[in-house]
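Under the working numbering, residues 38 to 181 are what the sequence shown spells out, in order. Cβ atoms here follow ideal geometry from the backbone N, Cα and C, with glycine treated the same way. The block underneath contains the structure these notes are about, expressed in structure tokens.
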Amino acid sequence: MTEAPTVRVQRLMPAPPDEVFDEWLDPESLKEWMCPHPTRVVDVQLDARVGGIVRFDVDHVGEQVLITGQFLEIDRPQLLRFTWSTSNWADPTIVSVVEVTFAPAGDDETLMSIEHTQLPPTEFQNFHSGWTLTFDQLAATIRR
Numbered sequence: 038m039t040e041a042p043t044v045r046v047q048r049l050m051p052a053p054p055d056e057v058f059d060e061w062l063d064p065e066s067l068k069e070w071m072c073p074h075p076t077r078v079v080d081v082q083l084d085a086r087v088g089g090i091v092r093f094d095v096d097h098v099g100e101q102v103l104i105t106g107q108f109l110e111i112d113r114p115q116l117l118r119f120t121w122s123t124s125n126w127a128d129p130t131i132v133s134v135v136e137v138t139f140a141p142a143g144d145d146e147t148l149m150s151i152e153h154t155q156l157p158p159t160e161f162q163n164f165h166s167g168w169t170l171t172f173d174q175l176a177a178t179i180r181r
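As structure tokens, then:
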């Protein structure tokens with residue numbers, strides 16, 4: 038049996054932790070930066086409480102994809118943990134876990150780190166490059 042890979046990505050964000058954290062809970066903002074373009078999030082549903090839902094309706098270059106999850110931990114402005122399942126995985130019943138941390142860094146900056154665990158082994162490269170591009174898009178959104 039192949040061990041589930043873990044994706045780890047870090048990025049310095051041009052805003053303090055509370056502002057960066059809040060971007061993760063703002064449905065309109067998430068539509069701008071979540072998922073690496075040209076993939077687009079067309080609808081977001083969030084219930085930002087432990088046990089609440091996370092749902093992204095995504096247009097992946099013409100393919101409709103549903104990303105669903107549930108908040109496991111919310112500690113503003115330091116930590117978000119939620120589950121993540123994607124309808125276009127070979128086994129869409131797999132549940133992975135996303136943990137995002139936000140640490141103060143320098144003047145009004147944040148070191149944002151993600152650890153995405155329990156991914157299907159075939160998805161490591163897609164998610165490593167995907168989260169890297171998504172972080173770039175979030176940084177660009179914050180700069181506006």
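Would you call the CB atoms of V46 and I151 closer than 8 Å? The answer is yes: Cβ separation under 8 Å.
Helix, strand or coil, according to DSSP, for I131 in the structure here? In the displayed model, I131 falls within coil according to three-state DSSP, outside both helix and strand.
State yes or no: is the C-beta of P118 within less than 8 Å of the C-beta of V132? Checking the sequence, you will find Arg at residue 118 rather than Pro. Cβ distance not < 8 Å, so R118 and V132 don't count as in contact.
Under the rule that 16 or more other beta-carbon atoms within 10 Å means buried, what is T159, buried or exposed? The residue in question, T159, is exposed, as its Cβ has fewer than 16 Cβ neighbours within 10 Å.
So V57 and F139 are supposed to be a Cβ contact under 8 Å. How far apart are they, rounded? Contact flag correct, Cβ pair sits at about 6 Å.
Give the DSSP-derived three-state secondary structure of P141 in the structure shown. Here P141 sits in strand by DSSP.
K68 CB to nearest chain C CB: under 8 Å? This model lacks chain C altogether, as it is built from one protein chain only.
To the nearest angstrom, how far is it from the Cα of D128 to the Cα of G106? If I take the Cα positions, the gap works out to 15 Å.
Three-state class that DSSP yields for R181 in the structure shown: Of the three classes helix, strand and coil, the one that applies to R181 here is coil, per DSSP.
Going by other Cβ atoms of all chains shown within 10 Å of its Cβ, with 16 needed for buried, is T130 buried or exposed? By the neighbour-count definition (other C-beta atoms within 10 Å, threshold 16), T130 is an exposed residue.
L67 - containing alpha helix (DSSP H), residue span: Start and end: P64 to W70.
Same chain, Cβ closer than 7 Å to W61, five either side skipped, listed in chain order: Take W61, set aside five residues on each side of it, and the residues of its chain with a beta-carbon closer than 7 Å to its own are L117 and V137, in chain order.
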